[in-house]
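Notes for the one structure printed next.
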Amino acid sequence: MAGRPRSLERITVAFLVLAAVCCVAQFALSFFAHVAVRPPPGGVGPPAKTYFEAFGLSEVVLTALGLAAVALVGFLLSRRRLRDEHGAGFGAWAVSAAAAALGVLGFPYLFGVAICLLLACSSATRSRSTASRTEPTAAVGATHRLKG
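Each residue of the sequence shown is one higher than the one before, starting from 65 at the first, in our numbering.
As structure tokens, then:
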């Protein structure tokens, strides 16, 4: 097992990078998207503000939460890979599911990030289990050839 690479698979890394790009893109777009703002009673105000002007703190918190989830899932997946453990593990799945739950409960921006995180966990599980399924088959074939 010394020759086996200990880094994450390309598809897993691609999903993690896509999740991080979604976080940063959402934050960048908040500076350009305009939302209607209700003027104070009897006052006249600007017809619209950018999303960041209206909801700046919540946007920063959601971006930080999304990036933290991506970093944590990436850390947990790479740690399991370094320890030669199979699958994504409970921690990575739990963080991804929590992000999905927050996305469904009212933060739809996090739902896209959660989909990428769930796909990253799924790809880590699939690639590890596929490798373990093919190894016994090769050993059985080699044993069969020795007998015949």
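Just so you know, even glycine gets a beta-carbon here, dropped at the ideal spot from N, CA and C.
Model, not experiment: these values are computed from the prediction.
For residue 153 against residue 140, the beta-carbon gap comes to about 6 Å, under 8 Å, which counts as contact.
With contacts defined by Cβ atoms closer than 7 Å, residue 174 and residue 156 do not form a contacting pair. Membership of residue 100 in the beta strand (DSSP E) is indicated by the continuous run 98–100.
By the criterion of a C-beta distance shorter than 7 Å, residue 171 is surrounded in its chain by 126, once the five residues flanking it on both sides are discounted. Less than 7 Å divides the Cβ of residue 134 from the Cβ of residue 84. In this structure residue 87 is not in contact with residue 168, their Cβ atoms being roughly 18 Å apart against a cut-off of 8 Å. Boundaries of the alpha helix (DSSP H) harbouring residue 156: 153–169, taken from the DSSP string. Contact between residue 123 and residue 94 holds, since their C-beta atoms are separated by about 5 Å, short of 8 Å. 92 is the residue among 92, 106, 181, 105 whose C-alpha sits nearest the C-alpha of residue 117.
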